[in-house]
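> In this text, residue positions in the sequence shown follow this note's numbering: the first is 2, and each later residue adds one. From the three backbone atoms N, C-alpha and C, an ideal C-beta is built for every residue, glycine too. I have a structure I would like to understand better, so I am pasting it below and will then ask my questions one at a time.
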Amino acid sequence: MSGGPSGLLEGLQARVAAELADLAEQPFALVDFPDHANVGDSAIWLGTTAFFRRHYRTVVGALAGLDAQIPAPAMQPDLYPCRTDDARRELDPSRPIAVLLVGGYSGLGRHALLTLLRMFPGHFQGVVFVSVAVVDSDVFKGAEEIPALEERTRASLAEYECFATALGLPSSSAYAVGTEVAVEAEQLAVGLVQWYPKVVVVAGQIIFAEDTVWNRLLHNQTALVIQRRLQQRGVPMIVLPVELDLARPREVRPSGLLPGAGPRPSQASPAASA
Numbered sequence: 002m003s004g005g006p007s008g009l010l011e012g013l014q015a016r017v018a019a020e021l022a023d024l025a026e027q028p029f030a031l032v033d034f035p036d037h038a039n040v041g042d043s044a045i046w047l048g049t050t051a052f053f054r055r056h057y058r059t060v061v062g063a064l065a066g067l068d069a070q071i072p073a074p075a076m077q078p079d080l081y082p083c084r085t086d087d088a089r090r091e092l093d094p095s096r097p098i099a100v101l102l103v104g105g106y107s108g109l110g111r112h113a114l115l116t117l118l119r120m121f122p123g124h125f126q127g128v129v130f131v132s133v134a135v136v137d138s139d140v141f142k143g144a145e146e147i148p149a150l151e152e153r154t155r156a157s158l159a160e161y162e163c164f165a166t167a168l169g170l171p172s173s174s175a176y177a178v179g180t181e182v183a184v185e186a187e188q189l190a191v192g193l194v195q196w197y198p199k200v201v202v203v204a205g206q207i208i209f210a211e212d213t214v215w216n217r218l219l220h221n222q223t224a225l226v227i228q229r230r231l232q233q234r235g236v237p238m239i240v241l242p243v244e245l246d247l248a249r250p251r252e253v254r255p256s257g258l259l260p261g262a263g264p265r266p267s268q269a270s271p272a273a274s275a
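Okay, structure coming up:
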């Protein structure tokens, strides 16, 4: 290794990445906390956890950029063809419906829906937003946490429905509470197929402009796991890539790139009033 301390560090990072390459598509856990008096081991542990924290802070910042790129209707209503308080339209089970798997209300979910509408213009005539309220260690701190978790999930889904209304799209929502996202999402999707025979399940999957072993290791592949499970049940599913560039902030999306965007007409768009 050459190039001084900087070259040494880069070389060591490359060696670590090569050793971990085989784990890139598998879940992993950071274990074996150095609970003993060894300064070197403690320094390694602190450096590892500092790396993880720094990485996730960077990703959170990039995801926040999606919020700026696709502003919510409440923030910039003039970008949207309809109003969030327009009359909601019921889903027609005889027409193509998208079941969109979402987490909390954010630019990531809005981006996934808009990408779907651009890929299949005029095809989907409604959307069902589906979310899984995950029961984790924080929820287990008290029985009162589960109702609070459900309330937060319902509130996020209600915001997604308002987003669909602003786009002139009929919508509904459904959620489940559980410990395994893939299992609960599969059951929800299979149940919705009984109501909407022409359904296609959709989920967004974060991809990175720089595809490194670290990025694949540190971010789960839940959407792909759900896709495999649903394929085995005969339910079609699309995984939409949502690219994040951690090296630079995203620019705000121009209004003209939103479906039906531009100056709002004096009355609702034809799609909203049909």
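Using the three-state DSSP reduction, which class does I98 fall into: helix, strand or coil?
Here residue 98 refers to the residue found at position 97 when the sequence shown is read from its first residue. In the structure shown, I98 sits in a strand (DSSP, three-state: E or B).
> For L231, does the count of other Cβ atoms within 10 angstroms reach 16, so buried, or fall short, so exposed?
Working through the sequence shown from its first residue, we reach residue 231 at position 230. Buried, since its Cβ has 16 or more Cβ neighbours within 10 Å.
> Assuming S173 contacts L92 under a Cβ cut-off of 8 Å, what Cβ separation, rounded to an integer in Å, is found between them?
Numbered from its first residue, the sequence shown carries residue 173 at position 172. Numbered from its first residue, the sequence shown carries residue 92 at position 91. Right, the Cβ-Cβ distance comes to about 6 Å (below 8 Å), so this counts as a contact.
> So, helix, strand or coil for M76, using DSSP?
Along the sequence shown, one-based indexing puts residue 76 at 75. In this structure, M76 counts as coil in the three-state DSSP scheme.
> On the three-pair Cβ rule with 8 Å, is the stretch 120–129 touching the stretch 144–152?
Not touching, per the Cβ criterion.
> I'd like to know whether the C-beta atoms of E187 and G179 end up nearer to each other than 7 Å.
Mapped onto the sequence shown, residue 187 falls at position 186. Mapped onto the sequence shown, residue 179 falls at position 178. Contact: no.
> Going by beta carbon distance, what residues of the same chain come within less than 8 Å of W196, once the five residues before and after it are set aside?
Within the sequence shown, numbered from 1, the residue matching residue 196 stands at position 195. P94.
> Measuring from the CB of V136, is there a heavy atom of the ligand HEM at a distance below 6 Å?
Although the ligand HEM was asked about, the structure shown includes no ligands whatsoever.
> Would A134 pass as a contact of V203 if the rule is Cβ separation under 7 Å?
The count along the sequence shown starts at 1 and reaches residue 134 at position 133. The count along the sequence shown starts at 1 and reaches residue 203 at position 202. Contact flag unset, no.
> Pairs of beta-carbons, one from the stretch 155–172 and one from the stretch 104–111, closer than 8 Å: are there three or more?
Yes, they touch.
> So, is L80 buried or exposed, given that buried needs 16 or more other C-beta atoms within 10 angstroms?
One-based indexing of the sequence shown puts residue 80 at position 79. The residue is buried, with at least 16 neighbouring Cβ atoms inside 10 Å.
> Got a sec, what are the start and stop residues for the beta strand (DSSP E) F130 sits in?
The count along the sequence shown starts at 1 and reaches residue 130 at position 129. Where F130 is concerned, the enclosing beta strand (DSSP E) stretches over V128 to V135.
> What does DSSP give as the partner residue(s) for I207 in the beta ladder?
As a first step, residue 207 is located in the sequence shown; it is residue number 206 there, counting from the start. According to DSSP, I207 bridges with V243.
> Do I207 and V240 have their C-beta atoms within less than 7 Å of each other?
Position 206 of the sequence shown, counting from 1, holds the residue named residue 207. Position 239 of the sequence shown, counting from 1, holds the residue named residue 240. Against a cut-off of 7 Å, the Cβ pair of V240 and I207 comes out as no contact.
> Any idea what DSSP makes of G235, helix, strand or coil?
What you label residue 235 is simply residue 234 of the sequence shown in a count that begins at 1. Three-state result, G235: coil.
> Can you tell which of L168, L101 and F121 has the C-alpha that lies nearest to the C-alpha of A113?
On the sequence shown, position 112 is the one that residue 113 refers to. Measuring from the Cα of A113, the nearest candidate turns out to be L101.
> Tell me whether the beta-carbon of C288 lies closer than 7 Å to the beta-carbon of T223.
With the chain covering only 2 through 275, there is no way to say anything about residue 288.
> If you draw a straight line from the C-alpha of G123 to the C-alpha of D42, how long is it?
As a working note, residue 123 is residue 122 in the sequence shown. As a working note, residue 42 is residue 41 in the sequence shown. G123 and D42: Cα-Cα distance of roughly 58 Å.
> Which residues does DSSP list as the beta-bridge partners of G179?
For this step, residue 179 is matched to residue 178 along the sequence shown. In DSSP, G179 forms a bridge with V135.
> Leaving out five residues on either side along the sequence, give the residues of the same chain with a beta carbon under 7 Å from the beta carbon of H220.
For the purposes of this step, residue 220 is identified with residue 219 of the sequence shown, where counting begins at 1. Residue confidence for H220 is low, a pLDDT of 44 falling below 50, so the modelled location carries little weight; the figure read from the coordinates is stated next. Hits under 7 Å: I207.
> Please name the residue, chosen from R234, L168 and F125, that lies closest to A88 on a Cα-to-Cα basis.
Taking the first residue of the sequence shown as position 1, residue 88 is located at position 87. Nearest of R234, L168 and F125 to A88, Cα basis: L168.
> Please classify Q233: is it buried, with 16 or more other beta-carbons within 10 angstroms of its beta-carbon, or exposed?
Residue 233 sits at position 232 when you count from the first residue of the sequence shown. That one is exposed.
> Can you grab the Cα-Cα spacing for the pair K199 / Q70, in whole Å?
Sequence index remark: in the sequence shown, residue 199 carries index 198 (1-based). Sequence index remark: in the sequence shown, residue 70 carries index 69 (1-based). Spanning the two alpha carbons is a distance of roughly 31 Å.
> Use the C-beta contact count for V236: other C-beta atoms within 10 angstroms, 16 or more gives buried, fewer gives exposed.
Against the sequence shown, residue 236 aligns to sequence position 235. Answer is buried; the Cβ neighbour count reaches 16.
> Name the one or two DSSP bridge partners that S172 has.
One-based indexing of the sequence shown puts residue 172 at position 171. Per DSSP, V128.
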